[in-house]
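A.B. asks: Once you've had a glance at the structure underneath, I'll fire off some questions.
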Amino acid sequence: MAFHTPFNQRTSANKQATPVYIGFQPPRPERRKFNWWGFNGMWLAFGSLFTAGFASPIPLLISLNGLRRPGKIMASIGTIVSIGGVVMATSIVLLISNAHHHRTHTREIAQRNKIAKKQAKETGVLLAVAAKKVKAFRAEAGDIADFDIEANMLIVEHIDPWGESLRFDAGSDSGLVRSAGPDKTFNSDDDITLALSPKPKSNSKIANHHPHEHVHN
Numbered sequence: 003m004a005f006h007t008p009f010n011q012r013t014s015a016n017k018q019a020t021p022v023y024i025g026f027q028p029p030r031p032e033r034r035k036f037n038w039w040g041f042n043g044m045w046l047a048f049g050s051l052f053t054a055g056f057a058s059p060i061p062l063l064i065s066l067n068g069l070r071r072p073g074k075i076m077a078s079i080g081t082i083v084s085i086g087g088v089v090m091a092t093s094i095v096l097l098i099s100n101a102h103h104h105r106t107h108t109r110e111i112a113q114r115n116k117i118a119k120k121q122a123k124e125t126g127v128l129l130a131v132a133a134k135k136v137k138a139f140r141a142e143a144g145d146i147a148d149f150d151i152e153a154n155m156l157i158v159e160h161i162d163p164w165g166e167s168l169r170f171d172a173g174s175d176s177g178l179v180r181s182a183g184p185d186k187t188f189n190s191d192d193d194i195t196l197a198l199s200p201k202p203k204s205n206s207k208i209a210n211h212h213p214h215e216h217v218h219n
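Below you can see the structure in the form of structure tokens.
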């Protein structure tokens with residue numbers, strides 16, 4: 003670029019000569035453009051915190067767009083604040099979801115316990131009815147070899163709340179009327195049983211009668 007240095011400036015060695023442009027205007031320094039994307043993303047990011055971070059995705063997108071332009075300081079601040087807002091909103095959603103799941107699970111457990119208590123009560127009444135039948139049959143039949151089979155045939159019509167028939171387990175001097183319980187499997191931990199009273203023992207008393215001798219004088 004052609005320029006001319008005045009004579010009064012040539013003799014000064016300590017001062018830098020100011021060029022004089024001839025024929026056209028000197029170039030103006032380029033103005034730095036303001037990063038509006040970064041600015042808007044930054045203040046929107048701080049504003050989104052008042053919404054508990056649920057509006058943070060919007061300033062996050064704006065700030066990310068601002069990072070592609072010169073003047074990235076405000077865009078960087080907006081990006082960091084927006085990410086914090088997104089984390090805040092996500093944490094709130096997770097807390098609400100976990101609380102709702104816990105409340106639903108607790109309600110389901112309470113409902114199941116309520117139903118289980120009702121079923122256990124119904125089973126107790128059913129066992130009492132079946133035991134009464136077995137006692138009556140035992141009183142009539144006495145000691146027979148196939149008593150346990152006959153007793154089971156007698157109470158097989160009684161169905162517990164879980165859809166299984168009752169069972170009679172004979173013992174040496176008594177017996178059990180048994181329900182399989184919720185797992186529908188006999189001889190497990192959740193069986194419900196009712197013990198029959200022991201069989202009455204027949205005690206034969208032999209009375210010895212001694213005739214009285216009357217002596218007549």
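Read in our numbering, the sequence shown has 170 at position 168, and its numbers run on one by one without any break. Backbone N, C-alpha and C define an ideal beta-carbon position, used for all residues, glycine too.
Given this structure, state the Cα-to-Cα distance separating Glu166 from Asn100, to the nearest angstrom.
C.D. replies: As a position in the sequence shown, residue 166 is number 164, starting the count at 1. As a position in the sequence shown, residue 100 is number 98, starting the count at 1. The straight-line gap from Cα to Cα measures roughly 38 Å.
A.B. asks: At the level of alpha carbons, what is the spacing between His107 and Ile98?
C.D. replies: Here the question's residue 107 lines up with position 105 in the sequence shown. Here the question's residue 98 lines up with position 96 in the sequence shown. Their backbone Cα atoms lie some 14 Å apart in a straight line.
A.B. asks: With a cut-off of 8 Å on the beta carbons, I'd call Leu129 and Ser190 a contact; round off their distance for me.
C.D. replies: The residue labelled residue 129 in the question sits at position 127 within the sequence shown. The residue labelled residue 190 in the question sits at position 188 within the sequence shown. Not confirmed; about 16 Å, so no contact.
A.B. asks: When the distance is taken between beta carbons, is Met44 closer than 8 Å to Met90?
C.D. replies: Counting from one through the sequence shown, the residue named residue 90 turns up at place 88. Counting from one through the sequence shown, the residue named residue 44 turns up at place 42. No; because the gap between Cβ atoms is not below 8 Å, this pair is not in contact.
A.B. asks: Using the beta-carbon count (16 or more within 10 Å), is Thr187 buried or exposed?
C.D. replies: Working through the sequence shown from its first residue, we reach residue 187 at position 185. Exposed, since its Cβ has fewer than 16 Cβ neighbours within 10 Å.
A.B. asks: Can the beta-carbon of Ala153 be found less than 8 Å from the beta-carbon of Phe170?
C.D. replies: Counting from 1 along the sequence shown, the entry for residue 153 is found at position 151. Counting from 1 along the sequence shown, the entry for residue 170 is found at position 168. Yes, the pair counts as a contact, with Cβ atoms nearer than the cut-off.
A.B. asks: Give me the residue from Ala132, Gly183, Leu178 and Gly144 with the minimum Cα distance to Pro163.
C.D. replies: Residue mapping note: residue 163 aligns to position 161 of the sequence shown, counting from 1. Here the closest residue by C-alpha is Gly183.
A.B. asks: What residue from Phe139, Leu62 and Gly73 has the CA that sits closest to Gly86's CA?
C.D. replies: As a first step, residue 86 must be located in the sequence shown, where it is residue number 84. Taking only the C-alpha atoms, the option nearest Gly86 is Leu62.
A.B. asks: Taking the C-alpha atoms as reference points, what is the distance between Ile82 and Lys120?
C.D. replies: As a first step, residue 82 must be located in the sequence shown, where it is residue number 80. As a first step, residue 120 must be located in the sequence shown, where it is residue number 118. Those two C-alpha atoms are separated by around 57 Å.
A.B. asks: Go ahead and label Ser58 buried or exposed: buried means 16 or more other beta carbons lie within 10 angstroms of its beta carbon, across all protein chains shown.
C.D. replies: Translated into the one-based positions of the sequence shown, residue 58 becomes position 56. With 16 or more other Cβ atoms within 10 Å, it is buried.
A.B. asks: Once the 5 residues before and after Gly80 are set aside, which same chain residues still bring their CB inside 6 Å of it?
C.D. replies: Counting from one through the sequence shown, the residue named residue 80 turns up at place 78. Taken in chain order, the residues that qualify are Gly43, Met44, Ala47, Pro61 and Ser65.
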